[in-house]
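Heads up, the sequence shown is in the UniProt record's numbering, so the first residue is 1 and it goes up one at a time.
Read the structure below first, then the notes.
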Amino acid sequence: MTTWLTRLTLDSSRGDVREELRNAVAMHRRVMSLFPDLPGIEEARHHLGVLHRVEQGERWAVLMVQSNKEATPEQLPDGYATDSASRNIEPLLDALAHGRRLSYRCDASPVRRPGHTTRELYKNLPRVVALHGRHADEWWYRRAGLAGLKIHTHLSHPLDAAVGRRGKGNGTQKVRHHRVRFEGTAEIIDPDALRAAMTGGIGRGQAYGCGLLTIAPLRTGEESPATSLRQRANS
């Protein structure tokens, strides 16, 4: 099965783009519009292995979409994206090898589900607790290990939560996913686990811009996460 990564530069001066950048449910629908042949958004997302991430600055926005079928940017409204490019990343996945060093980036939703005893002790504790700071970093180190990575350098940045409403009429449901961007450099210790994490996503909120892990091989002497990831801002 082929894996594709599509990069779309969005025209953030447009009202529909700005609204969808604020509304994770609307962005999810927009992403799925790139794959018009399958009905049922959730079923299609799982079937096509669709993951996405938004890279956003003050005056620009880039949408990264990964899937096992090539996206069709022609489905977007005229002018929605000012530029698009797709590439088959199967050669990158096939080249994953033990000991290789790489830079990584992942917007993930680090959370903890308190057990029954903890919820009994703290009556008002939510079913899912968002993790911040050191606790979020510890969560990432655990997930990265399960994804076949040994972290060498690490940076984390809190992001705005992915929010929106799904459903219709009186049946609408609020969507909110806590998000943190994790990036840095790492060494591959389990290529199969890494391949599975890249194609399957990491953590919760994958329909709403969380869980897409992207990587880029490091060149000799390149160990600073800030340097390597700025050079490959949309790897």
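Here a beta-carbon is modelled for each residue, glycine too, at the ideal position from N, C-alpha and C.
Because the structure is a prediction, the values reported are computed rather than measured.
- When the Cα atoms are used, G171 and P191 turn out to be separated by approximately 43 Å.
- Rounded to whole angstroms, R105 and T82 show a C-alpha spacing of 24 Å.
- No Cβ-Cβ contact shorter than 8 Å links G203 with S86.
- For the stretch 165 to 196, the full-length beta strand (DSSP E) segments reaching 3 residues or more read 173 to 188 along the chain.
- The stretch 27 to 41 makes contact with the stretch 194 to 210; the number of CB pairs closer than 8 Å reaches 3 or more.
- With a cutoff of 8 Å on beta-carbon distance, N68 and T3 are scored as near each other.
- Separation of R181 and D78 (C-alpha to C-alpha, rounded to the nearest whole angstrom) is 31 Å.
- Counting along the chain, L146 sits inside the alpha helix (DSSP H) bounded by residues 133 to 146.
- DSSP places L102 in the strand class (E or B) of the three-state scheme.
- Using a Cβ distance threshold of 8 Å, R195 and D107 do not count as a contacting pair.
- The DSSP assignment places complete alpha helix (DSSP H) segments of no fewer than 4 residues inside the stretch 2 to 34 at 15 to 22, 24 to 32, in order along the chain.
- Burial check for G167: the Cβ neighbour count within 10 Å stays below 16, so the residue is exposed.
- With distances taken between CA atoms, H178 lies nearest to P158 out of G169, R18, P158, R142.
- Closest by C-alpha distance to P36, out of M1, T72, D16, is T72.
- Apart from the 5 residues on each side of it in sequence, G164 sits with its Cβ closer than 6 Å to the Cβ of N23, A24, V25, V175 in its chain, given in chain order.
- In the DSSP assignment, E90 falls within the alpha helix (DSSP H) that extends over 90 to 94.
- Secondary structure of T199 (DSSP, three-state): helix.
- Judged by DSSP in its simplified three-state form, E43 adopts helix.
- The Cβ atoms of R113 and R127 sit closer than 8 Å to each other.
- Its Cα nearest to that of L213, the residue V65 stands out among E43, E20, V65, Q173.
- Per DSSP, the unbroken beta strand (DSSP E) holding P217 starts and ends at 213 to 217.
- For D83, the pairing in a beta bridge is given by DSSP as T9.
- Rounded to the nearest whole angstrom, the CA to CA distance from S12 to A95 is 36 Å.
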